[in-house]
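See structure below.
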Amino acid sequence: MRCLFVGDAFSYRRASLQIAPDLRFDHCEIFEILSVMRQPVHPDLVLSFAISPMFDCLDLAQLLLLNGFRGRQRFLANDIAAPRMICAEVRHACPELDFDILKQSDFYLA
552 MRCLFVGDAF SYRRASLQIA PDLRFDHCEI FEILSVMRQP VHPDLVLSFA
602 ISPMFDCLDL AQLLLLNGFR GRQRFLANDI AAPRMICAEV RHACPELDFD
652 ILKQSDFYLA
């Protein structure tokens, strides 16, 4: 499975993701999405924090859709007061995506 974390390098380190050794895991900044989505093979899963200094998960969802992505997007629900509300908003705005929450207890990606 190909996974992509979108966010700055500090956010990527802060996520503290435990990743299974057989996953292909990449990282990019929000402004690199266009070049990533131009690759012949898209990621199977896109991860980000719900809110980051440069974008939020709805911004990312819309950008992914505009660039042909129709896969799974998850946001990391760290210290978010209403994660279900955020999830409902993104699902309503971008029904073509498989969008959901990734909780701290789910951080081992396999």
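If you're matching positions, the sequence shown starts at 552 in this note's numbering and goes up one per residue. Don't be surprised by glycine CBs; every beta carbon is placed ideally from N, CA and C. Quantities reported herein were computed from a predicted structural model and do not represent experimental measurements.
- Excluding the 5 residues flanking it on each side, D649 has same chain C-beta neighbours closer than 8 angstroms at G622, R623, Q624, in chain order.
- V597 places its beta carbon less than 9 angstroms from that of C554.
- Residue nearest to D595 within the set I602, V587, A601 is V587 (criterion: CA-CA distance).
- For R635, the enclosing alpha helix (DSSP H) begins and ends at 634-644.
- If you look at S603, you'll find it isn't in any beta strand (DSSP E); DSSP assigns it neither H nor E.
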